[in-house]
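Structure, as structure tokens:
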Amino acid sequence: MGGAQFPGDNDVAEVDAARDGEVDRRDVGKMKHGCEHYRRRCKIVAPCCNQVFPCRHCHNEATASGDRHTICRQDVEKVVCLLCETKQPVSQVCISCGVNMGEYFCDICKFYDDDTDKGQYHCIDCGICRVGGKENFFHCVKCGSCYSVILRDNHQCVENSMRQNCPICYEYLFDSLQGTRVLNCGHTMHLTCFEEMVAHNKYTCPICSKTALDLTHHWEMLDQEIEATIMPLVYRYKVFFPVFGCFATIATRSQR
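Residue numbers for the sequence shown follow full-length UniProt numbering, so the first one is 1 and each next one is one higher.
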């Protein structure tokens, strides 16, 4: 169920200091609580099973091997403050002890996180919160997800390409916690899966077989090597072969 922490002596001391006006009450316990997924000062009450978990990912992992079910983030209605253990409706500030249960809070996603260095923002078109800074991303309507601004007008659009499973590990990409790589063909996969694929000398998209990397220099070197090779008489004829990069058929004649 995750490694959520409960109030300790330091928190009690901070609460006392807040009462005396020495520190901002809302900052008590900041970055000291949470799980492996998020730093936050509350747990959520799962609307599906009414059990308490540090976050929806902890819930989904805990139920993966048994009664498999997942939480819809927008359905969460109750949380439990980790400093005073008060069960209450979703809100940013605890109704009992007055702390911010999450420095970043989204009332739509019912999402809390103290680690604001992630640059969290809510994308209306995606319908969920994302990280990385809103100024660094744009929403591609056709692909159905937020992409880096580097890819604006600089990528091949594929209908709902992010609302698919990774072709390597089969995890759903749209709300995955892992980074995603957009290939030249427009298909998507986890960045770690892409790197592992390349490490195994696989350079084509697992879905459409188009080249996933810029191999121009490689092909030029290969052409030079072929040009410098004396072709046996039996192989001196014209051949046709498909090019997966553009699905054209190319004719070539063997050299010498």
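Even glycine gets a Cβ: it sits at the ideal position worked out from N, Cα and C.
Buried/exposed call for residue i, threshold 16 Cβ in 10 Å
{"i": "Y237", "result": "exposed"}
{"i": "A212", "result": "buried"}
{"i": "G127", "result": "exposed"}
Cβ shell of residue i (< 8 Å), same chain only, five flanking positions each side left out
{"i": "E171", "result": "N165, Q178 and H190"}
{"i": "H37", "result": "G2, P54, C55, H57, C58 and L177"}
{"i": "T204", "result": "K210, T211, A212 and F244"}
Cβ shell of residue i (< 7 Å), same chain only, five flanking positions each side left out
{"i": "Q92", "result": "N100, M101, G102 and F105"}
{"i": "H59", "result": "A46, F53 and I71"}
{"i": "F6", "result": "Per-residue confidence for F6 stands at a pLDDT of 44, beneath the threshold of 50, marking its modelled position as unreliable; no derived number is given."}
Sequence-distant residues of its chain with Cβ nearer than 6 Å to residue i (five each side left out)
{"i": "D75", "result": "P47"}
{"i": "C129", "result": "C106, C109, F111, Q120 and H122"}
{"i": "T86", "result": "S96"}
{"i": "P232", "result": "none"}
Contact under 8 Å by Cβ, residue i with residue j
{"i": "G132", "j": "G119", "result": "yes"}
{"i": "H33", "j": "R40", "result": "yes"}
{"i": "M162", "j": "C193", "result": "no"}
{"i": "P206", "j": "I168", "result": "yes"}
{"i": "K210", "j": "N184", "result": "yes"}
{"i": "D125", "j": "V149", "result": "no"}
{"i": "V79", "j": "V90", "result": "yes"}
{"i": "C157", "j": "G186", "result": "yes"}
Distance between beta carbons of residue j and residue i, contact taken as under 8 Å
{"i": "residue 257", "j": "D115", "result": "Nothing can be reported for residue 257, as the shown portion of the chain is limited to 1 through 256."}
{"i": "H155", "j": "V198", "result": "Not quite, the Cβ-Cβ distance comes to about 19 Å (not below 8 Å), so this is no contact."}
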